[in-house]
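Let me begin by presenting the structure, written as structure tokens, before commenting on it.
There are 2 protein chains.
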Amino acid sequence: MANRTDQLLRAAWTDQSAELPSHALRWLREETGLGHVETPTRALTAPPSELSDKAREVLAGIVGAGNVLTDDAARLGRAGGLSYLDLLKHKGIGTPEVPDAVILPADPDQVTAVLKACAELKVTVVPFGGGTSVVGGVRAEGAVILDLARLDRLVAVDQVSRLATFQAGVRAPDAERELAVYGLTLGHVPQSFERATIGGFAATRSAGQASSGYGRFEDMVEGVRMATPRGDWRLGVAPASAAGPDLKQLVVGSEGAFGVITEVTVRVRLLPKVRRYEGLVFDGWEKGSEAVRKLAQDRVLADVTRLSDVDETGVSFALTGGLKAKALSTYLKARGIKEPCMLILGWEAQDNHELTVRRAETLRRLKGAVRLGRPLGEAWKHGRFNGPRQRDALMNAGVCVETLETATHWSQLTKLRSAVRTALTNALTEGSNKPIVMCHISHAYETGASLYFTAIVPRAVRDPENQWRQAKTAACEAIEGLGTISHHHAVGIDHAPYLAAEIGDLGVDVLKAVKNVLDPEGILNPGKLIP
Amino acid sequence: MANRTDQLLRAAWTDQSAELPSHALRWLREETGLGHVETPTRALTAPPSELSDKAREVLAGIVGAGNVLTDDAARLGRAGGLSYLDLLKHKGIGTPEVPDAVILPADPDQVTAVLKACAELKVTVVPFGGGTSVVGGVRAEGAVILDLARLDRLVAVDQVSRLATFQAGVRAPDAERELAVYGLTLGHVPQSFERATIGGFAATRSAGQASSGYGRFEDMVEGVRMATPRGDWRLGVAPASAAGPDLKQLVVGSEGAFGVITEVTVRVRLLPKVRRYEGLVFDGWEKGSEAVRKLAQDRVLADVTRLSDVDETGVSFALTGGLKAKALSTYLKARGIKEPCMLILGWEAQDNHELTVRRAETLRRLKGAVRLGRPLGEAWKHGRFNGPRQRDALMNAGVCVETLETATHWSQLTKLRSAVRTALTNALTEGSNKPIVMCHISHAYETGASLYFTAIVPRAVRDPENQWRQAKTAACEAIEGLGTISHHHAVGIDHAPYLAAEIGDLGVDVLKAVKNVLDPEGILNPGKLIP
Numbered sequence: 001m002a003n004r005t006d007q008l009l010r011a012a013w014t015d016q017s018a019e020l021p022s023h024a025l026r027w028l029r030e031e032t033g034l035g036h037v038e039t040p041t042r043a044l045t046a047p048p049s050e051l052s053d054k055a056r057e058v059l060a061g062i063v064g065a066g067n068v069l070t071d072d073a074a075r076l077g078r079a080g081g082l083s084y085l086d087l088l089k090h091k092g093i094g095t096p097e098v099p100d101a102v103i104l105p106a107d108p109d110q111v112t113a114v115l116k117a118c119a120e121l122k123v124t125v126v127p128f129g130g131g132t133s134v135v136g137g138v139r140a141e142g143a144v145i146l147d148l149a150r151l152d153r154l155v156a157v158d159q160v161s162r163l164a165t166f167q168a169g170v171r172a173p174d175a176e177r178e179l180a181v182y183g184l185t186l187g188h189v190p191q192s193f194e195r196a197t198i199g200g201f202a203a204t205r206s207a208g209q210a211s212s213g214y215g216r217f218e219d220m221v222e223g224v225r226m227a228t229p230r231g232d233w234r235l236g237v238a239p240a241s242a243a244g245p246d247l248k249q250l251v252v253g254s255e256g257a258f259g260v261i262t263e264v265t266v267r268v269r270l271l272p273k274v275r276r277y278e279g280l281v282f283d284g285w286e287k288g289s290e291a292v293r294k295l296a297q298d299r300v301l302a303d304v305t306r307l308s309d310v311d312e313t314g315v316s317f318a319l320t321g322g323l324k325a326k327a328l329s330t331y332l333k334a335r336g337i338k339e340p341c342m343l344i345l346g347w348e349a350q351d352n353h354e355l356t357v358r359r360a361e362t363l364r365r366l367k368g369a370v371r372l373g374r375p376l377g378e379a380w381k382h383g384r385f386n387g388p389r390q391r392d393a394l395m396n397a398g399v400c401v402e403t404l405e406t407a408t409h410w411s412q413l414t415k416l417r418s419a420v421r422t423a424l425t426n427a428l429t430e431g432s433n434k435p436i437v438m439c440h441i442s443h444a445y446e447t448g449a450s451l452y453f454t455a456i457v458p459r460a461v462r463d464p465e466n467q468w469r470q471a472k473t474a475a476c477e478a479i480e481g482l483g484t485i486s487h488h489h490a491v492g493i494d495h496a497p498y499l500a501a502e503i504g505d506l507g508v509d510v511l512k513a514v515k516n517v518l519d520p521e522g523i524l525n526p527g528k529l530i531p
Numbered sequence: 001m002a003n004r005t006d007q008l009l010r011a012a013w014t015d016q017s018a019e020l021p022s023h024a025l026r027w028l029r030e031e032t033g034l035g036h037v038e039t040p041t042r043a044l045t046a047p048p049s050e051l052s053d054k055a056r057e058v059l060a061g062i063v064g065a066g067n068v069l070t071d072d073a074a075r076l077g078r079a080g081g082l083s084y085l086d087l088l089k090h091k092g093i094g095t096p097e098v099p100d101a102v103i104l105p106a107d108p109d110q111v112t113a114v115l116k117a118c119a120e121l122k123v124t125v126v127p128f129g130g131g132t133s134v135v136g137g138v139r140a141e142g143a144v145i146l147d148l149a150r151l152d153r154l155v156a157v158d159q160v161s162r163l164a165t166f167q168a169g170v171r172a173p174d175a176e177r178e179l180a181v182y183g184l185t186l187g188h189v190p191q192s193f194e195r196a197t198i199g200g201f202a203a204t205r206s207a208g209q210a211s212s213g214y215g216r217f218e219d220m221v222e223g224v225r226m227a228t229p230r231g232d233w234r235l236g237v238a239p240a241s242a243a244g245p246d247l248k249q250l251v252v253g254s255e256g257a258f259g260v261i262t263e264v265t266v267r268v269r270l271l272p273k274v275r276r277y278e279g280l281v282f283d284g285w286e287k288g289s290e291a292v293r294k295l296a297q298d299r300v301l302a303d304v305t306r307l308s309d310v311d312e313t314g315v316s317f318a319l320t321g322g323l324k325a326k327a328l329s330t331y332l333k334a335r336g337i338k339e340p341c342m343l344i345l346g347w348e349a350q351d352n353h354e355l356t357v358r359r360a361e362t363l364r365r366l367k368g369a370v371r372l373g374r375p376l377g378e379a380w381k382h383g384r385f386n387g388p389r390q391r392d393a394l395m396n397a398g399v400c401v402e403t404l405e406t407a408t409h410w411s412q413l414t415k416l417r418s419a420v421r422t423a424l425t426n427a428l429t430e431g432s433n434k435p436i437v438m439c440h441i442s443h444a445y446e447t448g449a450s451l452y453f454t455a456i457v458p459r460a461v462r463d464p465e466n467q468w469r470q471a472k473t474a475a476c477e478a479i480e481g482l483g484t485i486s487h488h489h490a491v492g493i494d495h496a497p498y499l500a501a502e503i504g505d506l507g508v509d510v511l512k513a514v515k516n517v518l519d520p521e522g523i524l525n526p527g528k529l530i531p
């Protein structure tokens, strides 16, 4: 148990940075005006826990004294998630929001019991899975963290129906390992894959890098079990139903504000036996995005379909190192490509026949593109989880780096991309500091697509939080009316002020009414989701 | 306007029966013990309208005096939908539930104004589209009917995003006619196609005969506009979102209990240029359903995929007429088919290449089946909307005929089919009367399938309503815990008592809370959906 608890204590925000290659740093200095910055290295301290003795006693009675943690390490380890502001605080800029305690229930029944007790005690509760929220979804100052790490079981596999039921705290790599034993896969691979949990995916409507093929997480959810202060709630008896509104879709995306998801039954697929990833380059965003639209509307998308704009393509090529980048640029220019936009395609199939048939249908619609073959695809695959590590490294080098994402219909896509780019560029340009703003389509649908933005700029020395906030506000305001405030990062704290513009005042009233009926004391994840 | 109103007055329940062919009637007598029955022909009368003068005046002020109808013809024309009990009453057995008035608003704003006025007046309101509910969803005794017939406009087409916005009262054939001008189609073709409306599809989570290819109606809904007593509510700005729970999926399936859907934005597709329907026969249900499962899990379903069990296949063959049926039976026996189960497959494609590729992928997985080619497929297509007409004809011949449907995971499918068959057979067997109970898979998913049952038995002379109720209750109780109470017919009145077993008491509380916040006076479609 000691080892186990040690493992559970592994902080979500542990610095994951790799060293930035020197050519990347040089390039950043040239492009953005980045200077040398010392990142403060301050030892973090936690304020004293304010959990009452009574609460500790009651909670220990449910989960055992060893699973009510109030020591500094446990609490600092769950002080925020992986948002820019959270990380900034953990890097010594600002003060982390530290919970009063960490509760580790063993099973769904204990979760329900904890919630009932906390409702009675008026103790607020923040559910915590992988702690990878980038929108402040797990900040828990003045609350207890309900950590689902011990709900780590594969509950059932139905090989005939291709369904698997997981406890909410199972991390994605563990889920895949357990499914692989049956020759199955979930196929849900977001950038947070290495740490995120099944429950977190459901709570936030996650989308993965292969969601063009495997679907968004909510498409995979066939059943849910949620602990609420009013008891246990189970949904999902069939693949589809007309028995009234789909309440499952109310639980999925509820971000811990209605209850704590304790089990999820997901649709699984056969583990692919052959995979192929490759890269192509289009001349300009218009041609690239039109091609992706064609694939989506003809329903011949590759499982991974990711189109970078000129800026992101330029950064990708630049970071491969100076010499290679120049050769690539010359090669493309010779083939008439003036504004390279990189398209990564990936197929996962049961056999070569399936792969060949599907790939042929995709590629015959991409006549205008220059094929760069498998190395580009494999390079993308190799680095597919590097985002968080690169962000850590960039932040350590004095860079303000943030990502945000949205989605809209095809007819609005170019307008939305321009609006957000302009907003971010204007908000982040100051003196000699110039931001790099880049974008890709990460998920394509018949009627539209997502846009994923990354902005990089030297961190403001004075008030870096305000630098971030101004950019975030500008981007969110640019999105309003044109697209959704979040395609797959969820609402959390950061997007809550913009939710009413998207779902209307009646929509907010509906969310409040649902929360009120499931969590009448309002103890669950306050300040998140509901404005 | 006079012509228009005449048209609007066309009763939903108008007898549509064709003459039953003599060989069909002979066969029914042999199989079920059906005798000669005189259907009562009683002139229907409506009780006096109880709409107050004040309410009439207020409502006339909103929609115009000519659009507040209280005459008998208008009210009898909306007295119930197309459920067995509704039809029985219209055929003179029992008393129809007649509304007090029919209100015909012109646009979404008038709908909102009517709801606000009715909330103030405490007048209950039943929304009415095509009036094709088979679960009592539009019964309106003591209420006013809000008929959406005048909301009949195509509001917008976005050809780039492949989206179309329709007012709720547009009937399916009109929607297809308007889309065809743009070379587009919705592809939503339920058996109620000829009369049902876009708003009704959304309100009931409809599924069409080609939903294996085009998706269920809720999959097509990209945006909704709903009038509520608290005002207008719009949802849907992107193809997918992580901005909290999907409230669209709360509106879809709300059956007029939360508000009145006034506009729906739907994903549309290119009108197919080539179509092919064909029939195959498997030896027994197990082999047939395993084959459909394989197609669904390999994601190579035809757009139409419909597998009949032995009983339904037998009836289909018998109804083609004696000689043909015998020849077919001999042909199949010679090919080793002892228990013929018919599979109808239909592909709709842009060109022959697409059709050929997709068809090859499907058929190469169906090695064990005997192919009967296009005549069987075309025969199914020719008769695809005949269900309601046949039902009318059968009822006129003294037959109790009812359909019901459910869905479950593949591992439970055979168990569920047996349970419902047994329940219906036992409940409907009485004396020399023997029911025919038949079943087909109408919709297949990766994780499961729907089951659509039809039961036919001579109508009980004494208390035919009770005959129906006993069978319905037995079937619903058999479904409980094994599948959903409705795959695509919705809840209405008939399934409301079974909803709590499916979504839990907390689920029912959530529905009530949502209703309470949108319809605080509780005027909307009382007794439907929410138990």
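Sequences listed follow chains P and U, in order. If you use full-length UniProt numbering, the first sequence closes out at 531, no skipped numbers anywhere. If you use full-length UniProt numbering, the second sequence closes out at 531, no skipped numbers anywhere. Backbone N, C-alpha and C define an ideal beta-carbon position, used for all residues, glycine too.
*Which same chain residues, not among the five before or five after Gly-236/P, have their C-beta less than 7 Å away from its C-beta?*
Glu-222, Gly-223, Val-224, Lys-248, Thr-265, listed in sequence order.
*Check whether the Cβ of Arg-469/P lies closer than 8 Å to any Cβ atom in chain U.*
No, because no Cβ of chain U sits closer than 8 Å to the Cβ of Arg-469/P.
*By Cβ distance below 6 Å, which residues in the same chain neighbour Arg-4/P in space, the five residues on each side in sequence not counted?*
Residue placement at Arg-4/P is poorly supported in this model, since its pLDDT is 43, which falls under 50; the coordinates still yield a value, given next. Excluding positions up to five away in sequence, the list is empty.
*Between which two residues does the beta strand (DSSP E) carrying Ala-349/P extend?*
340-349 is the extent of the beta strand (DSSP E) around Ala-349/P.
*For chain P, is any of its Cβ atoms less than 8 Å away from the one on Thr-112/U?*
Chain P contact via Cβ: absent.
*Report yes if the C-beta distance between Val-138/P and Leu-104/P is below 8 Å; otherwise report no.*
A distance of 8 Å or more separates the beta carbons of Val-138/P and Leu-104/P.
*For Ala-257/P versus Leu-524/P, is the C-beta distance shorter than 8 Å?*
Yes, Cβ-Cβ distance for Ala-257/P and Leu-524/P is below 8 Å.
_For Arg-269/U, the nearest candidate out of Thr-429/P, Ala-302/P, Tyr-445/P (CA to CA)_ = When only C-alpha atoms are compared, the closest one is Tyr-445/P.
*Would you mind reading off the limits of the beta strand (DSSP E) that contains Tyr-452/P?*
It spans 448-458 - the beta strand (DSSP E) in which Tyr-452/P sits, taken as one unbroken run.
*asked:* So His-23/P contacts chain U; which residues on that side make the cut at Cβ distance below 9 Å?
replied: Neighbours of His-23/P on chain U: none; closest Cβ ~35 Å, over 9 Å.
*When DSSP labels each residue in this structure, what does Arg-364/U get in the three-state scheme?*
Three-state result, Arg-364/U: coil.
*Please confirm if Val-517/U has its CB atom under 8 Å from at least one CB of chain P.*
Taking CB atoms only, Val-517/U has a neighbour in chain P less than 8 Å away.
*Counting contacts by CB-CB distance shorter than 8 Å, is Gln-191/P in contact with chain U?*
Cβ-Cβ to chain U under 8 Å: no for Gln-191/P.
*Run the CB neighbour count on Asp-181/P, radius 10 Å, all protein chains shown included, and call it buried at 16 or more, exposed below.*
Sequence check: residue 181/P is Val here, not Asp. By the neighbour-count rule (16 or more Cβ atoms within 10 Å), Val-181/P is not buried but exposed.
*Classification of Gln-159/U by the beta-carbon crowding that lies within 10 angstroms, buried from 16 upward*: Gln-159/U comes out exposed.
*Since Gln-470/P is in the alpha helix (DSSP H), which residue starts that stretch and which ends it?*
Run containing Gln-470/P: 464-479, per the alpha helix (DSSP H) assignment.
*Rank Leu-25/P, Leu-20/P, Cys-439/P, Lys-122/P by C-alpha distance to the C-alpha of Lys-54/P and give the top, closest one.*
Taking only the C-alpha atoms, the option nearest Lys-54/P is Lys-122/P.
*Could you tell me the distance, in whole angstroms, from the CA atom of Asp-6/P to the CA atom of Val-114/P?*
Caution applies to Asp-6/P, whose pLDDT of 42 falls short of 50 and renders its modelled position unreliable; the value that the coordinates give is listed next. Going by the C-alpha atoms only, they are around 22 Å apart.
*Just the chain P side, please: which residues come within less than 7 Å of Leu-28/U by C-beta, in chain order?*
Residues of chain P whose Cβ lies closer than 7 Å to the Cβ of Leu-28/U do not exist, since the nearest Cβ in that chain is about 30 Å away.
*Closest Cα partner of Gly-136/U within the set Ile-503/U, Val-491/U, Glu-178/U*: Selected option, being the one with the closest Cα: Val-491/U.
*Residue burial classification, Arg-10/U (beta-carbon count within 10 angstroms, cutoff 16)*: A caution first: Arg-10/U carries a pLDDT of 46, below 50, which makes its placement in the model too unreliable to give a value.
_Ser-52/P burial status per 10 Å Cβ neighbour count (16 or more: buried)_ = Its Cβ having fewer than 16 others within 10 Å, Ser-52/P is exposed.
*Classify Asn-3/P as helix, strand or coil using the three-state DSSP reduction.*
Confidence at Asn-3/P is low in this model, with a pLDDT of 40, below 50, so its placement is unreliable and the value that follows should be read with caution. In this structure, Asn-3/P counts as helix in the three-state DSSP scheme.
*If the cut is a Cβ gap below 8 Å, which residues of chain U does Gly-445/P touch?*
According to the sequence shown, residue 445/P is Tyr rather than Gly. Near Tyr-445/P (Cβ distances below 8 Å), the residues of chain U are Pro-239, Ala-240.
*In this structure, what does DSSP give as the bridge partners for Trp-233/P?*
Looking at the DSSP assignment, Trp-233/P forms a beta bridge with Met-226/P.
*Could you tell me whether the Cβ of Leu-506/P comes closer than 8 Å to any Cβ of chain U?*
With 8 Å as the cut-off, Leu-506/P counts as an interface residue toward chain U.
*asked:* Output needed for Thr-422/U: all residues of its chain with C-beta closer than 8 Å, excluding positions within five of it in sequence on either side, in chain order.
replied: The residues Ala-478, in chain order, have a CB closer than 8 Å to that of Thr-422/U in the same chain once the five nearest residues on each side in sequence are set aside.
*Determine contact between the region 399-414 of chain U and the region 357-373 of chain U, defined as no fewer than three beta-carbon pairs at a distance below 8 Å.*
Contact between the region 399-414 of chain U and the region 357-373 of chain U is absent, with fewer than three C-beta pairs closer than 8 Å.
*According to the Cβ coordinates, are Leu-376/U and Glu-278/U closer than 8 Å?*
Yes; because the gap between Cβ atoms is below 8 Å, this pair is in contact.
_Please identify the residue among Arg-195/P, Glu-194/P, Arg-374/P whose C-alpha is closest to the C-alpha of Arg-276/P._
Residue nearest to Arg-276/P within the set Arg-195/P, Glu-194/P, Arg-374/P is Arg-374/P (criterion: CA-CA distance).
_Closest to Ile-436/P by C-alpha separation, out of Pro-458/P, Glu-290/P, Cys-476/P, would be which residue?_
Ile-436/P has its Cα closest to that of Pro-458/P, out of Pro-458/P, Glu-290/P, Cys-476/P.
_Bridge partner(s) assigned by DSSP for Ala-101/U_ = Ala-101/U pairs with Val-144/U.
*asked:* Against Ser-212/P, what residues of chain U qualify as contacts under a CB-to-CB distance less than 8 Å, listed in chain order?
replied: Listed along chain U, no residue sits closer than 8 Å to Ser-212/P by beta-carbon distance, the nearest being about 11 Å off.
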